[in-house]
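Number of protein chains: 2
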Amino acid sequence: MKNLLINDYNTGLDYDGIDGGRLAERLEAISKIGVLPTGGVSRPGFSQEEKLAKELVIGWMKEAGLTVETDAAGNVFGRLNGDDNSQSIASGSHVDTVPAGGNFDGVLGVLAALEVAEAWKVSGYTPKKSYEVVIFSDEEGARFSSGVFGSRSYMGFVDDELIASLKDNEGLNLEEVLEQYGSSLKEYKNIQQRDWTFFAEAHIEQGKLLEKNNLPVGIVNGIAGQAWLEVEFKGQAGHAGNTPMNDRQDALVAAGRFVSELENIPKIVSSTAVATVGKLAVSPNGANVIPESVKMIVDIRDIHEDTRDRLLELVTERAESIAKERNIGVTVSGTSRVKPVPVEEVYKQELHNILNDLNIEATELPSGAGHDSMNIGLELPVAMIFARSKDGISHNPKEWTSLNDCVMTVHVLKKFIEIQMNK
Amino acid sequence: MKNLLINDYNTGLDYDGIDGGRLAERLEAISKIGVLPTGGVSRPGFSQEEKLAKELVIGWMKEAGLTVETDAAGNVFGRLNGDDNSQSIASGSHVDTVPAGGNFDGVLGVLAALEVAEAWKVSGYTPKKSYEVVIFSDEEGARFSSGVFGSRSYMGFVDDELIASLKDNEGLNLEEVLEQYGSSLKEYKNIQQRDWTFFAEAHIEQGKLLEKNNLPVGIVNGIAGQAWLEVEFKGQAGHAGNTPMNDRQDALVAAGRFVSELENIPKIVSSTAVATVGKLAVSPNGANVIPESVKMIVDIRDIHEDTRDRLLELVTERAESIAKERNIGVTVSGTSRVKPVPVEEVYKQELHNILNDLNIEATELPSGAGHDSMNIGLELPVAMIFARSKDGISHNPKEWTSLNDCVMTVHVLKKFIEIQMNK
Chain A
-14 MKNLLINDYN TGLDYDGIDG GRLAERLEAI SKIGVLPTGG VSRPGFSQEE
36 KLAKELVIGW MKEAGLTVET DAAGNVFGRL NGDDNSQSIA SGSHVDTVPA
86 GGNFDGVLGV LAALEVAEAW KVSGYTPKKS YEVVIFSDEE GARFSSGVFG
136 SRSYMGFVDD ELIASLKDNE GLNLEEVLEQ YGSSLKEYKN IQQRDWTFFA
186 EAHIEQGKLL EKNNLPVGIV NGIAGQAWLE VEFKGQAGHA GNTPMNDRQD
236 ALVAAGRFVS ELENIPKIVS STAVATVGKL AVSPNGANVI PESVKMIVDI
286 RDIHEDTRDR LLELVTERAE SIAKERNIGV TVSGTSRVKP VPVEEVYKQE
336 LHNILNDLNI EATELPSGAG HDSMNIGLEL PVAMIFARSK DGISHNPKEW
386 TSLNDCVMTV HVLKKFIEIQ MNK
Chain B
-14 MKNLLINDYN TGLDYDGIDG GRLAERLEAI SKIGVLPTGG VSRPGFSQEE
36 KLAKELVIGW MKEAGLTVET DAAGNVFGRL NGDDNSQSIA SGSHVDTVPA
86 GGNFDGVLGV LAALEVAEAW KVSGYTPKKS YEVVIFSDEE GARFSSGVFG
136 SRSYMGFVDD ELIASLKDNE GLNLEEVLEQ YGSSLKEYKN IQQRDWTFFA
186 EAHIEQGKLL EKNNLPVGIV NGIAGQAWLE VEFKGQAGHA GNTPMNDRQD
236 ALVAAGRFVS ELENIPKIVS STAVATVGKL AVSPNGANVI PESVKMIVDI
286 RDIHEDTRDR LLELVTERAE SIAKERNIGV TVSGTSRVKP VPVEEVYKQE
336 LHNILNDLNI EATELPSGAG HDSMNIGLEL PVAMIFARSK DGISHNPKEW
386 TSLNDCVMTV HVLKKFIEIQ MNK
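In order, the protein sequence lines correspond to chains A and B. Using the numbering used here, you'd call the opening residue of the first sequence number -14 and step up by one each time. Using the numbering used here, you'd call the opening residue of the second sequence number -14 and step up by one each time.
Shown next, in the form of structure tokens:
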């Protein structure tokens, strides 16, 4: 992978202490941990592979002069003391992957944060506040089918009820997994937040917007809060041959109209809102039986809670009005609702200025996917920077971000953190 | 069941030799063969239960003075010789059922045809032409998952290729099933059509139209020919959070629009045409993944081949135009196409006159489901009469037609057959 990264690298990006070759070597080194013969890498949360990747980064942290601590959830904190060591700015991401995942999701954010410290070391810069490079455990949630688990644990959002419900694929509970990992449930329950006042995360986009606009880096204007509605239309089954068209209560015709109208609703509330039906089941699902019921999940997201919740209302109303017009039943129930985390105006403006200075068109885009920043952002200000993803592909061995784009992301992250240091 | 039938019976309907009590007793007797402890009856084609039901009817046929023959497919023919024994008029249906089926589907048509002969016996009427009461085997196709099997066999429509493909649930082929039943494949391949010039079938509606119009009996204007189109919309999968609404190729949005517009297409070609999507599958069907493909079966029927085929074209065009507008792919392929059997004007007019004389509003309705008449109708003129179905329910233990409606159906069938006898 290193050669692939280096081949088209523009060494003109090596300035201010940032070194593309070093970043390429580190991306390469981590890409070899958990590599699968069938392609891709697998480093599930709390696995030996995730631990090896963390240990590799810990070594680099120490070489860069950082003091490393871990908490009982396996989260890693590499601290560079600033002139004022009473508070700190943090940046990082994760090194675990989905099964057969790629080499940039998470890893770029960790290495970019570390590269900022490396650059400072080269240039002899000591930040005013302290700086922490962070590796969160188990962001993908592959271990317990429970996403952003390390950052949730760090923030103290994993309560006893959730702990009791956790089981991994082998039937191990959290206590057993932690003990295998070299920690304990007692320590886990005693995890303390650190002295951060701000958290920044660099991440690959996992979408195509930057690529379509030919931009290496973009400003995340918020992390969308996902909410799921379960919508079920209930009509009446009937013989597909013996029931005249004007005497039907066809649940799928209602559902079809709902799904086809759904795409026009998000823009009513905001330009960042999205609504998707990805999962749908017809019952009884016989080719010659008029569908009695159609059940689906509507995935609804926006970066602002008010618009997201307004969208939930509008979607519910639309389902109900279609059902009423067609004289069939409908039930709409919310099955999950995550709080969106918008990025404050001041951080977006700072990033605009940085990108303008770098002659990059400043473009804002929402993060539709969840990230560790989402948990931190529930209590602290956060910001995110996205690096362009080739073809928008992620969670896949084909996931790719060019070294030029990775390094540009580091430059933006470094300048942005320096602004926070000087506040 | 007999008491339930008799309870609300209007004995004023017992005239012209037709006897509601006899019909109720016979419906009752057959309903006890293959009765399930969980409700309903099960008399699959070529089963012992179907055979017992046939033998019961054969006994009644003989008592009524009919000469009984069977063919190698197990079809039963009870013949009453007429003044001219060189040709015959036939009527009947079937006594097999779907698993856990009801007591009227098929059985009513057989007993109604027999009751016509009984009535003639009482009144001393000898028809001009000969008359055959028919029981077709395995109409429901439960044995080989291949419907209207007995009448297809009778007509010679089961070719060697189809024979080679037939396997029942226990893995038996047609030869083995026939031998178990007391027949042979050699005799089966030598089945000859009889001297019929016309076939009439009484059947329960299996729909709600007569009930909604408060009518005991209706005139079938044709047996719809079913055609299936497999339609697959192919878009592009994507992250439900990271793909803006205006950059999607969502196969389900296209499919939803198609399904919701489908209901308006049949009326363009005729008042009897129907189109239904009963079976639909989304892929990959993950709640947070934009659907990549949606595959469905469109069931399309009409009683005229030209309008049915025009409907197939219109539906195909609509699928293609929606895909084109939405910039996604679509494939449409025909997977089966059965010829519709319209009923000739002269028979419908005769039935109109009969119903008018009985002070019943003459209403025509299509048969959306297939029936044995469909096979006979490919070579001979046929007609069908529907009896009102309670709540339109069929293929279900709750299937019900009142004795009044059953007897009224016999009156109509008798008068109608007498008209054919005198032509």
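C-beta: ideal position from N, C-alpha, C; glycine also.
- Rounded to the nearest whole angstrom, the C-alpha separation of Lys197/A and Val244/A is 27 Å.
- Our two residues, Ser73/A and Ile402/A, have alpha carbons roughly 11 Å apart in a direct line.
- In terms of CA proximity to Asp153/A, Phe129/A leads the group Leu41/A, Leu265/A, Phe129/A, Val143/A.
- Per DSSP, reduced to three states, the secondary structure at Phe243/B is helical.
- For Pro325/B, the closest Cβ of chain A is not nearer than 8 Å.
- Linking Ser321/A to Ser255/A through their CA atoms gives a straight-line distance of about 21 Å.
- Judged by beta-carbon spacing, Trp213/A lies within the 8 Å limit of Val283/A, meaning their Cβ atoms are closer than that value.
- In the three-state reduction of the DSSP assignment, Ser321/A falls in the strand class, which pools E and B.
- Put simply, of Asp376/B, Ser352/B, Gly319/B the residue whose alpha carbon is nearest the alpha carbon of Ile370/B is Ser352/B.
- By the 16-neighbour rule on beta-carbons within 10 angstroms, Leu21/A is exposed.
- By the Cβ-count criterion, Gln178/A is exposed, with fewer than 16 other Cβ atoms from all chains shown falling within 10 Å of its own Cβ.
- Ile402/A carries a helical assignment under DSSP once its states are collapsed to helix, strand and coil.
- For a cut-off of 8 Å, the C-beta gap from Leu398/B to Val101/B is around 6 Å, short enough to register as a contact.
- Scanning its chain for C-beta atoms nearer than 8 Å, with the 5 sequence neighbours on each side dropped, one finds around Val53/B the residues Ile43, Met46, Lys47, Val61, Phe62, Gly63, Arg64, in chain order.
- Using a Cβ-Cβ cut-off of 7 Å, Gln211/B is close to Gly226 of chain A, given in chain order.
- Gly223/A has its alpha-carbon roughly 15 Å from the corresponding atom of Asn312/A.
- Below the 8 Å Cβ cutoff, chain B contributes Val244, Val262, Gly263, Leu265 as neighbours of Leu237/A, in chain order.
- Here the alpha carbon of Ala57/A sits roughly 13 Å from the alpha carbon of Ile120/A.
- With respect to chain A, the C-beta atom of Gly126/B has no partner C-beta closer than 8 Å.
- Gln191/A has a beta carbon lying within less than 8 Å of a beta carbon in chain B.
- With respect to Gly86/A, Ser27/A sits close: the two C-beta atoms are nearer than 8 Å.
- Below the 7 Å Cβ cutoff, chain A contributes Glu248, Pro251, Lys252, Val259 as neighbours of Met230/B, in chain order.
- Gly241/B has a beta carbon lying within less than 8 Å of a beta carbon in chain A.
- Under the criterion of beta carbons closer than 8 Å, Arg293/A and Gly210/A qualify as touching, at roughly 5 Å.
- Using a CB distance below 8 Å, the part of the stretch 193 to 204 of chain A facing chain B consists of Lys193, Leu194, Lys197, ordered along the chain.
- Here the stretch 230 to 243 of chain B makes contact with the stretch 239 to 253 of chain A; the two share three or more CB pairs at distances below 8 Å.
- Listed along chain A, the residues sitting closer than 8 Å to Ala354/B by beta-carbon distance are His224, Gly226, Asn227.
- Taking C-beta atoms as the reference points, Gly5/B and Leu343/B fail to come closer than 8 Å.
- Among the residues facing chain B, Asp284/A is included, as its CB has a counterpart in that chain under 8 Å away.
- Just so you know, the alpha carbons of Lys174/A and Met140/A end up roughly 11 Å apart.
- For the pair Thr316/B and Ser268/B, the Cα-to-Cα distance works out to about 15 Å.
- Per DSSP, the continuous beta strand (DSSP E) segment holding Tyr116/B begins and ends at 114 to 121.
- Chain-order list of chain A residues neighbouring Ala272/B: Trp213, Gly263, Lys264, Ile282, Asp284, by C-beta distance under 7 Å.
- The C-beta of Ile275/A comes closer than 8 Å to at least one C-beta of chain B.
- Secondary structure at Phe89/B: coil, using DSSP grouped into helix, strand and coil.
- Straight-line measurement puts the Cα of Lys333/B at about 16 Å from the Cα of Ala372/B.
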